[in-house]
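First the structure, in the form of C-alpha cells, and then the observations on it.
In my numbering, the protein residues as written are 1070 to 1423.
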C-alpha cells in the first residue's frame, strides 16, 4: 500500500477549498496504491472530512465518511440554530460575537455550503445577559457535572465557559469570554469595537476580516500546539489562505500593520512557512530559518499519527515550560488541572482511536 504524501493531500484539499476539484489526481493516487482509508484518516486528523467526503463521492468511491448531503444539512441546521439565537438576543437587547467556524455560516469562504468541518459553535459573550438568553432557550451544560454559567468568571487559565447545548440541535455552543487563551490576548486589538453585524442577524456580530485572520493564526500556530489531541491542522492553513485572498487592499494594509509587532511578525513568518511548504509546494520554505526547519519537522512528525502528535505536543509543552511566559496567565495551574480532568482524558483517548 502506498503512503499518501502529506503535501499532496494538503494541495488536493486546498484546491478543492478554492472550488478546483482535482478528481483526476485522486484517481491517479488510487491507481498508484493509495487507499481510501488513508485519505479518510488524514481528512479526520486535519479536520477536512467534508471536503474529502465531497471529493470521494464525486469519484464514486465507497467511503466511511458521511455523505456530502449530511454536511450541507448540518450547515443549514446550524444556521437556523443561530437565527433563533439572534431573535432571542434582539428581544433581550443583547448581542454576541461569532468566532471560528460560526462566522462562516454568515460570511462563507468556501465555494459551497457544508465544506467546513465544525464540532461546535464558538460564541464570544461579553455580558451575563447573553448567558441568560441561552438559559431561556433551553440550553443546559453538556457535562452534567458542570453548573450552567451565569457569570463571565473563568476557570484558571481558560478562555471559555462550560459548553452548553440542547437535544436536537445541530451543534453544542462553546461560550467564550476571551477570543483566545489568556496568554495570547495581547496579540489582538479591539475585536468587539471593530465587529460588524451578520447579514440579517443584528444580534450576531462578526469580527473584522483582519481580526478573524489574527484569531485563526493564534489558534493554528500557538494555542493548539501543545494539545495532546491535535494541532497544526491543515484546515486552519487552508482557511488562512482563503481569508487572505478575500481581503481588500485596505484590509491587507491593516493586517500588515497588525502583524508588524515582533511577536505578531513571528506568527506571520510561521504561517508563511507552513502555507508555502504544504499548500504551495515551495521546498525552499524549510530552509528559511532554523525555526522554519523545526516547524516543518513537527508537521512531518504529526503526520506519523497519534503517537507523532503526542510526541510533538509533549515537546512543545516542555519548550513552553522553559519560557518565562508559561508561568504567567495561570498556564501551569491549567496544565496540572488537566491531569484530573475527565474530559481531557476522554479527548486524549479518542485521539488515539482516530
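Glycine included, every Cβ here is placed at the ideal spot set by N, Cα and C. As the structure is a prediction and not an experimental result, all values here were calculated from the model.
In the DSSP output, which residue or residues are listed as bridge partners for residue i?
i, result
"residue 1210", "1233"
"residue 1244", "1192"
"residue 1328", "Beta-bridge pairing links residue 1328 to no other residue."
DSSP on residue i, reduced to helix/strand/coil?
i, result
"residue 1287", "helix"
"residue 1264", "coil"
"residue 1223", "coil"
"residue 1082", "helix"
"residue 1255", "helix"
"residue 1334", "helix"
"residue 1371", "helix"
"residue 1271", "strand"
"residue 1218", "coil"
"residue 1339", "helix"
"residue 1073", "coil"
"residue 1380", "helix"
"residue 1277", "coil"
"residue 1238", "coil"
"residue 1201", "helix"
"residue 1420", "A caution first: residue 1420 carries a pLDDT of 48, below 50, which makes its placement in the model too unreliable to give a value."
"residue 1181", "coil"
"residue 1176", "coil"
"residue 1359", "helix"
"residue 1348", "helix"
"residue 1321", "helix"
"residue 1302", "coil"
"residue 1316", "coil"
Would you report the Cα separation of residue i and residue j, rounded to the nearest angstrom?
i, j, result
"residue 1140", "residue 1119", "6 Å"
"residue 1258", "residue 1280", "8 Å"
"residue 1190", "residue 1169", "8 Å"
"residue 1158", "residue 1164", "6 Å"
"residue 1253", "residue 1367", "21 Å"
"residue 1234", "residue 1283", "28 Å"
"residue 1113", "residue 1302", "10 Å"
"residue 1423", "residue 1371", "Any reading at residue 1423 is ruled out, since the residue's pLDDT is 44, under 50, leaving its predicted position unreliable."
"residue 1078", "residue 1278", "27 Å"
"residue 1426", "residue 1177", "Lying outside 1070 to 1423, the shown extent of the chain, residue 1426 is not represented and no answer is given."
"residue 1324", "residue 1288", "17 Å"
"residue 1238", "residue 1150", "7 Å"
"residue 1093", "residue 1124", "11 Å"
"residue 1195", "residue 1073", "45 Å"
"residue 1221", "residue 1167", "17 Å"
"residue 1316", "residue 1148", "24 Å"
"residue 1126", "residue 1097", "16 Å"
"residue 1342", "residue 1380", "21 Å"
"residue 1294", "residue 1110", "20 Å"
"residue 1228", "residue 1193", "10 Å"
"residue 1241", "residue 1204", "13 Å"
"residue 1364", "residue 1200", "39 Å"
"residue 1420", "residue 1327", "Residue confidence is low: residue 1420 scores 48 on pLDDT, short of 50, so the model does not pin down where it sits. Its coordinate-derived value is still stated next. The straight-line gap from Cα to Cα measures roughly 35 Å."
"residue 1161", "residue 1202", "7 Å"
"residue 1251", "residue 1226", "7 Å"
"residue 1129", "residue 1105", "11 Å"
"residue 1243", "residue 1300", "19 Å"
"residue 1349", "residue 1081", "11 Å"
"residue 1135", "residue 1115", "16 Å"
"residue 1224", "residue 1291", "20 Å"
Using 7 Å as the cut-off, classify the Cβ of residue i as near or not near the heavy atoms of the ligand MG, replying yes or no.
i, result
"residue 1149", "You won't find the ligand MG in this model; it holds no ligand whatsoever."
(request) Enumerate, from N- to C-terminal direction, the unbroken alpha helix (DSSP H) stretches of 4 or more residues contained entirely within the stretch 1087-1173. (result) 1092-1100, 1105-1114, 1118-1127, 1137-1161, 1170-1173
(request) Mind the definition here: the stretch 1150-1160 touches the stretch 1270-1278 only if three or more C-beta pairs lie below 8 Å; say whether that holds. (result) yes
(request) Would you check if there are 3 or more beta carbon pairs closer than 8 Å linking the stretch 1086-1100 to the stretch 1117-1134? (result) yes
(message) For the structure I just gave you, are there three or more beta carbon pairs, one from the stretch 1203-1213 and one from the stretch 1168-1187, closer than 8 Å?
(response) no
(request) Inspect the CB distances between the stretch 1359-1370 and the stretch 1307-1325 and report whether three or more fall short of 8 Å. (result) no
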